[in-house]
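Here the structure comes first, spelled out in structure tokens, and everything after it is commentary.
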Amino acid sequence: MQIIKENQYTPLGTGRYARDPFLVIEEVSKVYPSKTGASTVLDRVNLTVYEGEFICLIGHSGCGKTTLLNMVSGFNQPTSGEVRLQTKRVTEPGPDRMMVFQNYSLLPWMTAFDNVYLAIDAVYQNKSKADKRAIALEHLAMVGLTEAADKKPSQLSGGMKQRVAIARALAIRPQVLILDEPFGALDAITKEELQEELLQIWRDHQVTVLMITHDIDEALFLADRLVMMTNGPSATIGEVLDIPFARPRNRARIMEDPKYYQLRNHVLDYLYRKEAHME
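Positions 1 to 279 (this note's numbering) are the ones given, in order, by the sequence shown.
Here it is as structure tokens:
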């Protein structure tokens, strides 16, 4: 098992990662004012992400994971420090960074197709209607929802709604896909199916992924690196684990690998002993 300090990580020179940093989170802190004084949510967070990486973040509730990814997405701004994507400072949301939430965030009066098409239409205004329609159908097909294109969210299962949300995000062709516990509300079988689909989509699109999860097994199956947060307030990155399993990944083979249980036990120890919530 390899615990990586942030400045020690080097991407694979001949693999899918570029050597130059792609996304840089540098000395990022977030402080909110309150009646009792300033409340520091994040304190001097540093993380370098390389193009094409799949990064999972894990930590107890309230440790600032969502706050951090909101700053990557541009929905929120650091109090100090900065986020840079390909050397350009992130100051606002943009189509190069798309976010998928746990609660799907679909427009209930629109069909699955229309939800995807609306996003494409907003970003690619110069494309023809036929081209935008083709992109929407392509991405619905990619997540296995061709037959459900004309259904509204109320007619879809939770897993199908999340597939629509993923299709909508990827149809924009973002450089970074940001996932905030996308499978947290799903049953175990559907969750595993979507994990497999997400890995296939990630390979096909060659997109960089940042994903929040509370599921250790999910993180070990999906991620290249697992970023473990300390507890809040004043949370930061405690450890970064390199996940050594070869790709493409096979769930059964991974779960037979002794390193899987070594890593799993290390994360459990970190979360429930080293970073246990103190009453």
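For every residue, glycine included, the Cβ atom is placed at its ideal position computed from N, Cα and C.
query, result
"DSSP three-state label for S39, please.", "strand"
"Kindly list the residues whose CB is nearer than 8 Å to the CB of G81, restricted to its own chain and excluding five residues on each side of it in sequence; keep chain order.", "I25, E26, E27, V28, S29, R44, V45"
"On the premise that G144 lies in contact with L186, defined as a C-beta separation below 8 Å, what is that separation, rounded to the nearest angstrom?", "15 Å between Cβ atoms; not a contact."
"Specify, as a first and last residue, the run of the alpha helix (DSSP H) that I201 falls within.", "188–205"
"Answer yes or no: do D150 and T91 have a C-beta to C-beta separation smaller than 7 Å?", "no"
"Which same chain residues end up closer than 7 Å to N265 when comparing Cβ atoms and leaving out the 5 residues on each side of it in sequence?", "none"
"Verify whether the separation of the beta carbon atoms of I55 and T213 is less than 7 Å.", "no"
"Hey, would you say R253 sits closer than 7 Å to D242, going by beta carbons?", "no"
"Would the segment 135–142 count as touching the segment 163–179 if we require 3 or more Cβ pairs under 8 Å?", "yes"
"On the DSSP bridge list, what partners appear for M285?", "Past the edges of the chain, shown from 1 to 279, lies residue 285, and the structure says nothing about it."
"Considering only residues of the same chain and omitting the five flanking positions on each side of T280, which have a CB-CB separation below 6 Å?", "No answer is possible for residue 280: the residues shown for the chain start at 1 and end at 279."
"With DSSP as the reference, identify every bridge partner of Y50, one or two as the case may be.", "P21"
"Just mark T87 as buried or exposed, buried being the case when its beta carbon has 16 or more other beta carbons within 10 Å.", "exposed"
"Give a yes or no on contact between the segment 66–81 and the segment 123–135, applying the rule of three or more CB pairs nearer than 8 Å.", "no"
"With a threshold of 8 Å on Cβ separation, who are the neighbours of M142 within its own chain once the five nearest residues in sequence on each side are excluded?", "A167, L170, I201, D204"
"From L222 to P21, what does the alpha carbon distance come to, in whole angstroms?", "21 Å"
"Only counting runs of 3 or more residues, tell me where the beta strand (DSSP E) segments fall wholly within the segment 107–179, in order along the chain.", "none"
"Can you tell me whether V72 is helix, strand or coil according to DSSP?", "helix"
"Using only the alpha-carbon positions, how far apart do E196 and K35 sit?", "46 Å"
"Over the uninterrupted alpha helix (DSSP H) stretch that includes L220, give me the two end residues.", "216–222"
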